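Under the numbering used here, think of the first position of the sequence shown as 734, with each following residue one higher.
Using N, Cα and C, we set each Cβ at its ideal position, and we do this for glycine too.
Note that this is a predicted model, so its numbers are computed, not measured.
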Amino acid sequence: MNFHNKTYQIRISDINYGNHLGHDKLISIVHDARCSFFDSIGTSELHINEDQMGLVVHEVNFKYKSQIHFLDKIEVLSYFTEISDYTVKMNSEIKNIKQNKMSAVGYIKLVCFNFKNNKISKFPKEFVEKLQEFSH
Numbered sequence: 734m735n736f737h738n739k740t741y742q743i744r745i746s747d748i749n750y751g752n753h754l755g756h757d758k759l760i761s762i763v764h765d766a767r768c769s770f771f772d773s774i775g776t777s778e779l780h781i782n783e784d785q786m787g788l789v790v791h792e793v794n795f796k797y798k799s800q801i802h803f804l805d806k807i808e809v810l811s812y813f814t815e816i817s818d819y820t821v822k823m824n825s826e827i828k829n830i831k832q833n834k835m836s837a838v839g840y841i842k843l844v845c846f847n848f849k850n851n852k853i854s855k856f857p858k859e860f861v862e863k864l865q866e867f868s869h
């Protein structure tokens, strides 16, 4: 069982009027961690193979468990729990390192999309094999 791990320090621009991490910033941080994951396996969301196939976001769901504040350090652990012919569910656990507790959990469901044909397509076998190394 493998996880992709990315660490961040919360900036003042990540803080909302409630004096904690804004939900829009959480999604941006998770997106950055997702891009880092795909880079680590030698691909990107826009080019998972040579046939102009990539990924588009289908569903987003996150739940806060505790607040995250300015200058807190967080760790984003990413892994997959569902891999089908057309979609993958990438889970993320966001841990506040300073507080040593889980701050948010959730997932983003991604769909395989053929940008050349402008339609949903099946994942290439080689791509699925790479993701399965991070499947739980």
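Who pairs with residue i in a beta bridge, going by DSSP?
{"i": "residue 845", "result": "788"}
{"i": "residue 748", "result": "754"}
Express the C-alpha separation of residue j and residue i in angstroms, rounding to a whole number.
{"i": "residue 852", "j": "residue 757", "result": "28 angstroms"}
{"i": "residue 831", "j": "residue 744", "result": "15 angstroms"}
{"i": "residue 809", "j": "residue 775", "result": "19 angstroms"}
{"i": "residue 751", "j": "residue 740", "result": "23 angstroms"}
{"i": "residue 788", "j": "residue 779", "result": "6 angstroms"}
{"i": "residue 863", "j": "residue 735", "result": "11 angstroms"}
{"i": "residue 742", "j": "residue 761", "result": "13 angstroms"}
{"i": "residue 738", "j": "residue 806", "result": "13 angstroms"}
{"i": "residue 835", "j": "residue 848", "result": "37 angstroms"}
{"i": "residue 802", "j": "residue 833", "result": "13 angstroms"}
{"i": "residue 747", "j": "residue 843", "result": "25 angstroms"}
{"i": "residue 796", "j": "residue 824", "result": "12 angstroms"}
Can you check which of these residues, the options, is closest to residue i by C-alpha distance?
{"i": "residue 850", "options": "784, 764, 761", "result": "784"}
{"i": "residue 839", "options": "754, 848, 826", "result": "826"}
{"i": "residue 855", "options": "791, 818, 804, 771", "result": "818"}
{"i": "residue 866", "options": "742, 813, 748, 753", "result": "813"}
{"i": "residue 858", "options": "820, 747, 836", "result": "820"}
Looking at the structure shown, is residue i part of a helix, part of a strand, or coil, going by DSSP?
{"i": "residue 855", "result": "coil"}
{"i": "residue 743", "result": "coil"}
{"i": "residue 827", "result": "strand"}
{"i": "residue 866", "result": "coil"}
{"i": "residue 795", "result": "strand"}
{"i": "residue 762", "result": "helix"}
Does the beta-carbon of residue i, which I'm using as the reference point, lie nearer than 8 angstroms to any heavy atom of the ligand GDP?
{"i": "residue 799", "result": "The ligand GDP is not among the ligands present in this structure, which contains no ligands whatsoever."}
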